[in-house]
Amino acid sequence: GIIIGAGVVIVLIAALIFFVMRRMQLQLEAQEAPKYRFRKRDKVLFYGRKIMRKVSQSTSSLVGSTSSSRPRLKKKQKMLNIAKKILRFKKEVPTLQMKEPPPSVLEADLTEFDVANSHLPSEVLYMLKNVRVLGHFEKPLFLELCKHMVFLQFQQGEYVFRPGQPDSSIYVVQDGKLELCLTGQDGVVKEVYPGDSVHSLLSILDVITGHQRPYKTVSARAAEVSTVLRLPVDAFLSIFEKYPESLVRVVQIIMVRLQRVTVLALHNYLGLTNELFSHVSEHTSTLNAHSPFGFTLKYDPHKKKVTVDEVPSSVYLYPEEESGMENIFSPFQGRPNATLFEEAQKEILKLMKIEDPALLNGRVTFHHAKAGSVLARQGDQDVSLHFVLSGCLHVYQKMIDKQEAVCLFVTQLGEMVGQLAVLTGEPLIFTIKAERDCTYLKISKSNFYEIMREQPSVVLSAAHTVAIRMSPFVRQMDFAIDWMAVEAGRALYRQDDQSDCTYIVLNGRLRSVIQKVNGKKELVGEYGRGDLIGVVEALTRQPRATTVHAVRDTELVKLPEGTLNNIKRRYPQVVTRLIHLLGQKILGNLQQPRGPFSSTPDVTNPASNLSTVAVLPVCDEVPISAFNLELSHALSAIGPTLLLTSDIIRERLGASALDIIHEYRLSGWLAQQEDINRIVLYQTDSSMTPWTQRCIRQADCILIVGLGDQEPALGELEQMLENTAVRALKQLVLLHREDGPGPSRTVEWLNMRSWCSGHLHLKCPRRVFSRRSPSKLREVYEKVFEKIADRHSDFSRLARVLTGNSIALVLGGGGARGCSHVGVIKAMEEAGIPIDIVGGTSIGSFIGALYAEERSAVRVKQRAMNSVFKTVLDLTYPITSMFSGSAFNTSISKVFEDKQIEDLWLPYFNVTTDITASAMRVHKDGSLWRYVRASMTLSGYLPPLCDPKDGNLLMDGGYINNLPADIARNMGTKTVIAIDVGSQDETDLCNYGDSLSGWWLLWKRINPWAEKVKVPDMAEIQSRLAYVSCVRQLELVKKSAYCEYIRPPIDRFKTMDFGKFDEIYVRTKSCTCPSADFTDLAEIVSRIEPVQSYLGADGQLLKRKKKYSFANLPHYIYLKI
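For the sequence shown, this note's numbering assigns the number 1291 to the initial residue and increments by one for each residue that follows.
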């Protein structure tokens, strides 16, 4: 017995040693480099392909041989076919090659403002860089102006200028530092470093107009030993004598700067209104003494209010029939008093210093406005000069974030209003209203331009009347606020730089990029017209968090920190506005998901707030003109749209408008069009002409348009584009015929290009592909533009994507309850809600993929019902799962076949859980059926699916993000409609104690007399475990402002009740109506429908759907300037 016991112990010890050694060997193997896992079948296919390549090579080598070898060639071809049949080869589907964005997208140019390598002297470059007016002179004029520059040396603490000294110079720091201060104000308003300047364009205007003023409250001193360039403004006068045509341009630039930079920046972003204008005008009129219409005007400048004493009128009688809105203000009925009209014209001649009285003949009209009438509204394009003869005109401006308007100033007798908008050609920034009966003279913009062409100096008088209306505060800010330009590729500031100012984008586009600790650069966001940059860092005094560089030539307002602090001290209401702006930024950051499973923002999607889009055809066969007209029609439903071609530019600006000598004129005009219109479309020429280069330079986004039914190709223009550092994001757009086949081979289109930010498939109406002459095309689209664009068309979908108004449908996971998705989609179709992007998890990924392919709820229902998941005969030994997954894979693959995600009509994504890397995976490309199957892989039932890209194991996406609305949001959508069908919390479950017998549960269920107990089965437990990890993310989604959350009434159905498809569908569809309890689709429609705001006759803000006539069509039809 002892011997037997000893033998058993030895055997056990030997077995233990063997297993320990085996475990250590396995651990050592595991520490080696990871190897991809291959099944035996994959190995056979690999070696089979290797053999077939050799057979194919030997076959091809016999192609050029003699006729005696042909029988041998036929035998080898037969062998090749037999081998293919045996090995069951399938055609390999190409996969999308993952490409990193080119360096030009994420990196700023390293070369900054280069003084050393320039052919111009440093002082000339500094002057050109800082003073925007000088940059718009032709080179001979500018160099002659620079002859008047002088160098000044200042010691530390020495004043460059003080209050009381003449304000008649431009100062540019070449070396050292200056400090700009205000009398009676603590602290430095602005620090001026080498290359920066100290000047006021209003002061320049005063000198030019002959009304030079001394410095009143502004002073500048040297903070250290400094060298300063001084340019006397008197030098401009000599230039204007030699080149009188440049006078109008300089005055217009000053007026544009005053309106865009100073007034709008302080109003739109700091909320200032009547602080910007002087309530007391410096102009005095001789009309006050005559009072021809029986009104005596009294104005008390100390009380700052107007009182009117009315005297019964014996000159003008008000007809009772003129009570309609159309007759509120009109040309004077009857013959005006000759003496009054003559004196009024004399007053205008005096005010505007018009030398020839004949210039007013036929260009001045006499008008009368009734009390309460609005003469011009804020935002109007067609503006006029109004010269008050009797009564007064009140000027109002709408307050930021509020419906009411505030009175800026009152235009008295003998004063003008509206001249700022006439001089700049830009929209009116306030509303002009007659609070009581008023008589005035009116000069339209076109008539004023005719007078200006005959006598250019008239702009000086008009500009001076604007300057004297500005408040002293605006004049101080004109010294402190900078108008700067950044060339494409240049960095505005770099990561970790000191935050000393805030920027406002006037026009152009900038991109924000962050560099991680590992050196990798990621796109954070993009900024367009009207956006604030760096406000959070400036207010919190933190270093710059990102590097911001210009995507294209950009103009900005620079608001120094000292200036901002000074404004906050003087006007405390600005602090409230800044807190509001800061809160919006912080709230936006908080709504972004955080944590290891959060999705990063989709950098490949063009950001919203696009202003310009260039359209570039792949080949000559692309109907680019019809495409642009169709897209213009769709965009007009969202906002004013302008389509520009080289022919339109030459027609509007002259045949030589594209010559380099007219660079400023063209750039200024294009910038103005961007301000006027919501989006501007640039249609390139068929070759790389100067206009094509201009289109690419101006573009925020480039659309590369190809034909989906043609062979994938790379156009000549694109090849030239690849060789240039293009910073704008590129989108591939493939056009398809209505009756043609669906999308295919999209991967090949994408792989041919170096990098594309995304792609879209558009099904086009037949008129797009019809071959018509320009005149016939005009006739066709005249009728098209008379109708409102169809919101469900693919062109409307593209328009929403470009303007940041796209709508995403996100379908959650929930097993059989996901059948309700079909009912919700059907109800959305009936409610008229368009869908631009589809995404989902688990069963939601399956239904979403069907809809992205079919775009019809009826077809989705038919195909979903036909795809019965065969799992009964797929049982296997339950080590990893109960089923092998083979039958389930067959069911899914029969539904989608070899369809790629890139070939779906709608952009699509789904979510899986990567258990290899413990991370969330978002799939937007690749094999459709595989990733749908991976997203539906319930633990314990199906084995994880091996990702064909990297071999990682993928499971059901419900374990990590069951309702991925945040991912859709990061893809650039404005509204996300999220359908939640996940498990709900149940608190009435049975308390069965510490253990549970399955036999007891079975008896309770089959015994009709036994008391029923509620215990979740395995599928329900798996489902609940999945949703537990998503509870916090789901709550964030439900509370977010961008998400429309819908919960269908399907709680009584279980996760595996796939046999109740029809019941769930009918239940959901019948409840998705305006009277339903759980959602109101009509309300969602009202929230996502684009509307236009306008002011009614009573000044109240109204809303309406905007209707567009064919007059908005810019190309072949009406050319409106």
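Glycine included, every Cβ here is placed at the ideal spot set by N, Cα and C. All values derive from a computational prediction rather than experimental measurement.
Item to check | Where the alpha helix (DSSP H) containing Q1542 begins and where it ends | outcome: 1535-1547
Rounded Cβ spacing between G1873 and I1690 (contact assumed at less than 8 angstroms):
That pair is no contact at about 15 angstroms.
Is T1729 buried or exposed, if buried means 16 or more other CB atoms sit within 10 Å of its CB? Using a 10 angstroms sphere on the CB of T1729, the tally of other CB atoms reaches 16 or more, which defines it as buried.
### Query
In its own chain, which residues sit with a C-beta less than 6 angstroms from the C-beta of V1541, not counting the 5 before and 5 after it?
V1749, A1753
Q | Residues of its chain near V1482, where Cβ-Cβ distance is below 7 angstroms and the 5 sequence neighbours each way are ignored | A | V1463, K1467, L1468, L1470, V1488
So if DSSP puts N1797 in a beta bridge, which residue, or which two residues, is it bridged to?
E1845
* Rounded C-beta distance between T2202 and A2224? I'm assuming under 8 angstroms. -> 5 angstroms between Cβ atoms; contact.
Measuring alpha carbon to alpha carbon, tell me which of K2053, F1677, Y2249 ends up nearest T2227. Y2249
Suppose contacts are defined by Cβ-Cβ distances below 8 angstroms. Is T2131 in contact with P1930 by that definition? No. Outside cutoff.
With a floor of 4 residues, list each alpha helix (DSSP H) that falls wholly inside the segment 2194-2235, ordered by position along the chain. 2218-2225
**OP:** Report the residue from I1529, L1710, L1433 whose alpha carbon sits nearest the alpha carbon of D1670.
**Re:** L1710
Proximity below 8 angstroms, CB of G2105 to CB of M2172:
no
* To do: Could you tell me which of S2183, E2012, T1473 sits nearest to W2219, measuring between CA atoms?
  => Per the Cα distances, S2183.
Exercise. Between the Cα of S1922 and those of V1970, F1309, T1563, P1907, spot the shortest distance and give me the residue it belongs to.
Key: V1970
field: Proximity of V1673 and K1735 at Cβ, strictly below 8 angstroms
entry: yes
Note to self: Just list the residues that DSSP pairs V1664 with in beta bridges.
What the structure shows: Partner(s): K1723.
Can you tell which of N2095, T2093, T2263, V2112 has its C-alpha closest to the C-alpha of L2101?
V2112
Q. Given 8 angstroms as the limit, is there contact between the segment 2022-2041 and the segment 1977-1984, that is, 3 or more CB pairs closer than that?
A. Flag = no, the segment 2022-2041 and the segment 1977-1984 do not touch.
Exercise. Answer with buried or exposed for Q2190, where buried requires no fewer than 16 other C-beta atoms within 10 angstroms of its C-beta.
Key: buried
What is the residue span of the alpha helix (DSSP H) that V1748 lies within?
1748-1757
Checklist entry - Once you ignore the five residues that flank D1772 on each side, which residues in its own chain have a CB closer than 6 angstroms to its CB? => result K1848
query = Enumerated in chain order, which unbroken segments of the beta strand (DSSP E) with a length of 3 residues or greater are wholly contained in the segment 2022-2075?
reply = 2048-2054
For L1548 and M1760, I'd like the C-alpha separation in whole angstroms. 10 angstroms
Quiz prompt | Own chain partners of F1738 with C-beta closer than 7 angstroms, once the 5 adjacent residues on each side are dropped | solution = L1675, V1712
Helix, strand or coil: which one does DSSP assign to V1515?
In the structure shown, V1515 sits in coil (DSSP, three-state: anything other than H, G, I, E or B).
**Q.** Within the segment 1461-1493, ranges of the beta strand (DSSP E) (whole runs, at least 3 residues)
**A.** 1468-1472, 1480-1482
Review point. Applying the criterion that 16 or more other CB atoms from any shown protein chain within 10 Å of the CB defines a buried residue, is S1581 buried or exposed?
Key: With a pLDDT of only 44 at S1581, under the threshold of 50, the placement of this residue in the model should not be trusted, and no figure is reported.
Original post:
Based on Cα-Cα distance, which residue from S1490, V2266, F2075 lies nearest to Y2335?
Top reply: V2266
If the criterion is Cβ atoms closer than 8 angstroms, does the pair V1814 and S1394 meet it? no
Just to check my reading of the structure: T1853 and A1770 have Cβ atoms closer than 8 angstroms, yes? What is that Cβ distance to the nearest angstrom?
4 angstroms
Nearest to M2245 (by Cα), restricted to the options P2234, P2238, I1950
P2234
*Collapsed DSSP secondary structure at K1366 in the structure displayed*: Residue state, collapsed to three classes: helix.
Item checked: Residue environment, Y1449, which counts as buried when at least 16 other CB atoms sit within 10 Å -> Around the beta carbon of Y1449, a 10 Å sphere encloses fewer than 16 other beta carbons of the protein chains shown; the residue is thus reported as exposed.
*asked:* Using a 10 Å radius around the Cβ and a threshold of 16 neighbouring Cβ atoms, would you call Y1817 buried or exposed?
replied: buried
**Message:** According to DSSP, is R1452 part of a helix, a strand, or is it coil?
**Reply:** coil
Exercise. By Cβ distance below 7 angstroms, which residues in the same chain neighbour Q1863 in space, the five residues on each side in sequence not counted?
Worked result: G1561
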